[in-house]
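Protein chains in written order, with this note's numbering: chain C, 460 to 605; chain V, -13 to 100.
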């Protein structure tokens, strides 16, 4: 059996925050363990931030649509937007962060963690450019507690 | 953004009174921290015990705050909740900052490296 829900919100930072929190609340209600939902939230927030900051950067702000499909052993989170596609219709690599205690202060990165976090936390990632929208799907392995 | 600042045992303690340091909050956080820490003790402790969630924008803002403080001052972090702790560990930023479980630990002379 697959449990599904969807929600949408405007691609602004404040609406994104409210949208992410509402998705997280639904996932907890479905019986996904809190620590797993935390990881989904970290990855989802990065994916949605990317839509707000990049996909709609040069076009009128549109909507973000999120659909969650919960299977017995995994959760697929689909994020759609009507903004511009990724460069060359390919997902960014997400460079590994290579800092340590000896990294000079001035060399510490202040960004670029987003795709790295998504790739660390999701077990599978799919991206499809449709005629007028981006469709990014993130998969997370799940063991239900309920 | 709501920050509270006190000086305790020669360190400035800045407490973040917000549940999220996210993209909607990051720039404001950075500016408010700059104001709060414009002058003051060499050591600044950021109390994150009320913060349940941080994203890469918030993490970048904390790194920016440390850079603003410069070489002669330092930023330590206290009271990381599980999700905040996870983001710091995944990005290896746990190796860059001194992390303390609680504010009390951060202020305990025996726990502080010199």
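C-beta atoms are modelled at their ideal positions from N, C-alpha and C, and glycine is treated no differently. The structure displayed is predicted, hence computed values, not measured ones.
With respect to 7 Å, is the separation between the Cβ of residue 11 (chain V) and the closest non-hydrogen atom of the ligand ADP below this value? Although the ligand ADP was asked about, the structure shown includes no ligands whatsoever.
Is any beta-carbon of chain V found at less than 8 Å from that of residue 554 (chain C)? In the first chain, counting from the first residue as 1, residue 554 (chain C) sits at position 95. By this cut-off, residue 554 (chain C) is not an interface position.
I'd like to know whether the C-beta of residue 61 (chain V) is nearer than 8 Å to at least one C-beta of chain C. If you number the second chain from 1, residue 61 (chain V) lands on position 75. By this cut-off, residue 61 (chain V) is not an interface position.
Pairwise C-alpha distance: residue 96 (chain V) and residue 525 (chain C): The residue you call residue 525 (chain C) lines up with position 66 of the first chain. The residue you call residue 96 (chain V) lines up with position 110 of the second chain. Cα-Cα distance, rounded: 49 Å.
Going along chain C, which residues have a C-beta under 8 Å from residue 36 (chain V)? Translated into the one-based positions of the second chain, residue 36 (chain V) becomes position 50. Within chain C, no residue comes near residue 36 (chain V); the closest Cβ sits about 16 Å away, beyond 8 Å.
With a cut-off of 8 Å on the beta carbons, I'd call residue 477 (chain C) and residue 520 (chain C) a contact; round off their distance for me. Indexing the first chain from 1 puts residue 477 (chain C) at position 18. Indexing the first chain from 1 puts residue 520 (chain C) at position 61. With 8 Å as the limit, residue 477 (chain C) and residue 520 (chain C) do not qualify as a contact, their Cβ atoms being about 15 Å apart.
Hey, is residue 600 (chain C)'s beta-carbon within less than 8 Å of any beta-carbon in chain V? Taking the first chain and counting its residues from 1, the one referred to as residue 600 (chain C) is at position 141. For residue 600 (chain C), the answer is no, since every Cβ of chain V falls outside 8 Å of its Cβ.
Would you call the region 493 to 506 of chain C in contact with the region 558 to 570 of chain C, where contact means no fewer than 3 C-beta pairs closer than 8 Å? no
Please give me, in chain order, every unbroken run of the alpha helix (DSSP H) with length at least 4 that falls completely inside the region 20 to 81 of chain V. 42 to 55 and 68 to 76
Residue 464 (chain C): which of C:488, C:474 and C:471 sits nearest, CA to CA? For the purposes of this step, residue 464 (chain C) is taken as residue 5 along the first chain, with counting starting at 1. With distances taken between Cα atoms, residue 464 (chain C) lies closest to C:488.
The region 500 to 512 of chain C: which residues have C-beta closer than 9 Å to a C-beta of chain V, in chain order? 500, 501, 504, 505, 507, 508, 511 and 512
Runs of beta strand (DSSP E) lying entirely within the region 497 to 535 of chain C, each at least 3 residues, in chain order: 522 to 529
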